[in-house]
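A.B. asks: Protein sequences appear in the order of chains A and B. Last residue of the first sequence: 427 (this note's numbering), numbering continuous. Last residue of the second sequence: 427 (this note's numbering), numbering continuous. Got a structure for you, written out below as structure tokens; questions coming shortly.
Protein chains: 2
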Amino acid sequence: MDINTEIIENNRTQMRRGVLEYSILLILAGGDEYASSIIQKMKDVNIIVAEGTIYPLLIRLKKLGLLNYRWEESPQGPPRKYYMITDFGRQQLDGLDSAWDELARGIEIIRNVSKHNLR
Amino acid sequence: MDINTEIIENNRTQMRRGVLEYSILLILAGGDEYASSIIQKMKDVNIIVAEGTIYPLLIRLKKLGLLNYRWEESPQGPPRKYYMITDFGRQQLDGLDSAWDELARGIEIIRNVSKHNLR
DNA sequence: TTGAATACCTTGCAACACAAGGTACTGAAA
DNA sequence: TTTCAGTACCTTGTGTTGCAAGGTATTCAA
Numbered sequence: 309m310d311i312n313t314e315i316i317e318n319n320r321t322q323m324r325r326g327v328l329e330y331s332i333l334l335i336l337a338g339g340d341e342y343a344s345s346i347i348q349k350m351k352d353v354n355i356i357v358a359e360g361t362i363y364p365l366l367i368r369l370k371k372l373g374l375l376n377y378r379w380e381e382s383p384q385g386p387p388r389k390y391y392m393i394t395d396f397g398r399q400q401l402d403g404l405d406s407a408w409d410e411l412a413r414g415i416e417i418i419r420n421v422s423k424h425n426l427r
Numbered sequence: 309m310d311i312n313t314e315i316i317e318n319n320r321t322q323m324r325r326g327v328l329e330y331s332i333l334l335i336l337a338g339g340d341e342y343a344s345s346i347i348q349k350m351k352d353v354n355i356i357v358a359e360g361t362i363y364p365l366l367i368r369l370k371k372l373g374l375l376n377y378r379w380e381e382s383p384q385g386p387p388r389k390y391y392m393i394t395d396f397g398r399q400q401l402d403g404l405d406s407a408w409d410e411l412a413r414g415i416e417i418i419r420n421v422s423k424h425n426l427r
């Protein structure tokens with residue numbers, strides 16, 4: 309990768325990392341999913357997550373009491389671990405909604421100031 | 309801090325980290341600033357950065373060719389290191405604008421799907 | 001019984017934010 | 001003229017965390 313795209317890709321990754329937990333909770337608030345399907349849904353909106361990221365993360369979120377899971381047979385292949393969001397998880401999700409809104413508003417502001425000046 | 313606010317604060321921090329470089333470039337695209345004033349401007353929009361974060365970061369961005377600096381006398385106290393964005397920096401900033409827009413769009417989408425289903 | 005597809009999980013490394021601790025310059029007060 | 005407060009710069013060490021790589025297990029079909 310040349311340096312031109314590297315810096316941007318790097319930051320794109322960095323930005324994504326910031327919203328990993330948030331997006332997982334958002335997705336699970338819309339319905340139960342298993343790891344691979346979460347990865348796919350995030351990929352669909354261009355938020356790339358690796359397996360090595362999501363499995364430990366789901367375990368952590370479960371430990372924190374934000375998630376639970378149940379095993380479910382798969383049409384083919386090994387059984388799937390369906391994660392579901394808990395009441396506590398939903399409660400936390402509300403806070404994350406605000407956190408995201410606040411960040412987005414902040415970026416919006418410095419963006420506008422920046423444009424208003426020299427750009 | 310109780311666990312209720314801890315999880316949210318933690319994620320708020322995580323989200324902020326994702327946009328650190330982006331916000332610095334945004335601010336410098338609006339005019340030259342020195343470290344402390346950058347910290348202040350970010351604080352104004354609720355993006356908190358520590359000194360121990362920003363100094364190494366500015367050095368890194370300079371090394372990458374995104375920034376330059378000049379020394380300038382201060383009305384009182386030691387001289388200030390004013391950072392300015394380079395042409396290359398502006399060019400990269402365009403890419404970061406897109407990266408941010410894309411992420412925001414992604415979050416928007418999964419948010420809506422989530423609401424449309426169960427929330 | 002071998003192979004492909006799907007699913008789960010762990011280990012080790014590297015990046016990075018930041019708390020803590022430090023230096024240095026200025027001007028004013030004691 | 002020393003001391004203090006304010007401002008500004010910088011570095012070190014630590015803890016967290018994302019992820020590439022490598023691994024196991026299940027199912028079904030060829």
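We put the beta carbon where it would ideally sit given N, CA and C, even for glycine.
(1) Could you give the distance in angstroms between the alpha-carbon of A/Asp290 and the alpha-carbon of A/Glu380?
(2) With contact counted as at least three CB pairs below 8 Å, one residue from each stretch, are the segment 330-340 of chain B and the segment 333-350 of chain A in contact?
(3) What number of angstroms, rounded off, separates the C-alpha of B/Pro383 from the C-alpha of B/Ala343?
(4) Among B/Asp352, B/Asn318 and B/Gly338, which has the Cα closest to the Cα of A/Gly414?
(5) Hey, how far is the Cα of B/Asn319 from the Cα of A/Thr313?
(6) Cβ of A/Gly326 within 8 Å of Cβ of B/Met350?
(7) To which residues does DSSP link B/Glu380 through a beta bridge?
(8) Counting contacts by CB-CB distance shorter than 8 Å, is A/Trp379 in contact with chain B?
(9) So B/Ser345 contacts chain A; which residues on that side make the cut at Cβ distance below 9 Å?
(10) Taking the C-alpha atoms as reference points, what is the distance between A/Ile393 and A/Pro364?
(11) Which bits of chain A does B/Tyr330 rub up against, with CB to CB less than 7 Å?
(12) Taking any Cβ of chain A, which residues in the segment 398-419 of chain B have a Cβ under 7 Å from it, in chain order?
(13) Find the nearest neighbour of B/Pro387 within the set B/Glu341, B/Ala337 and B/Glu410, judged by alpha-carbon distance.
(14) Determine the DSSP secondary structure at B/Leu393, reduced to helix, strand or coil.
(15) Measure the alpha-carbon distance for B/Glu317 versus A/Phe396 and round it to whole angstroms.
(16) Look at the alpha carbon of B/Asp310 and the alpha carbon of B/Gly373, and state the distance between them as a whole number of angstroms.
(17) Residues of chain A with CB under 7 Å from B/Leu372, in chain order?
(18) Could you check whether B/Ala337 and A/Ala412 sit closer than 8 Å to each other, using their CB atoms as the reference points?
(19) Out of A/Lys423, A/Leu404, A/Leu328 and A/Ile355, which one is the CA nearest neighbour of B/Ala407?
(20) May I ask you to list the residues that DSSP assigns as paired with B/Tyr342?
(21) Note down the Cα distance separating A/Asn425 from B/Ile346, rounded to an integer number of angstroms.
(22) Could you work out which residue in A/Tyr391, A/Ile315, A/Gly339 and A/Glu410 is closest to A/Tyr377 when comparing CA atoms only?
C.D. replies: Taking the geometry as given:
(1) In the structure as shown, chain A begins at 309 and stops at 427. Residue 290 of chain A is therefore absent and cannot be evaluated.
(2) Touching, no, given that fewer than three Cβ pairs across the two stretches are closer than 8 Å.
(3) Their Cα atoms are separated by approximately 16 Å.
(4) Comparing C-alpha distances from A/Gly414 to each of B/Asp352, B/Asn318 and B/Gly338 shows the shortest one belongs to B/Asp352.
(5) Roughly 27 Å separates the two Cα atoms.
(6) No, the Cβ-Cβ distance between A/Gly326 and B/Met350 is not below 8 Å.
(7) Residue pairing of B/Glu380 in beta bridges, as defined by DSSP: B/Arg388.
(8) No, no contact with chain B.
(9) By Cβ distance, chain A contributes nothing, its closest Cβ being about 13 Å from B/Ser345, past 9 Å.
(10) Distance between the alpha carbons of A/Ile393 and A/Pro364: 16 Å.
(11) Those are Asn319, listed as they occur along chain A.
(12) Listed in chain order, the positions of the segment 398-419 of chain B with a beta carbon within less than 7 Å of a beta carbon of chain A are Gln400, Gly403, Leu404, Ala407, Trp408, Glu410, Leu411, Ala412, Gly414, Ile415, Ile417, Ile418 and Arg419.
(13) Looking at B/Glu341, B/Ala337 and B/Glu410, the one whose alpha-carbon comes closest to that of B/Pro387 is B/Glu341.
(14) Residue identity check: residue 393 of chain B is Ile in the sequence provided, not Leu. In this structure, B/Ile393 counts as strand in the three-state DSSP scheme.
(15) So the alpha carbons of these two residues sit roughly 15 Å apart.
(16) The alpha-carbon atoms of B/Asp310 and B/Gly373 are separated by roughly 43 Å.
(17) From the beta-carbon of B/Leu372, the residues of chain A found nearer than 7 Å are Ile315.
(18) Result no, Cβ atoms of A/Ala412 and B/Ala337 do not sit closer than 8 Å.
(19) Considering only alpha carbons, the answer is A/Ile355.
(20) B/Tyr342 is bridged by DSSP to B/Tyr390.
(21) Approximately 16 Å, taken between the alpha carbons.
(22) A/Tyr391 is the residue among A/Tyr391, A/Ile315, A/Gly339 and A/Glu410 whose C-alpha sits nearest the C-alpha of A/Tyr377.
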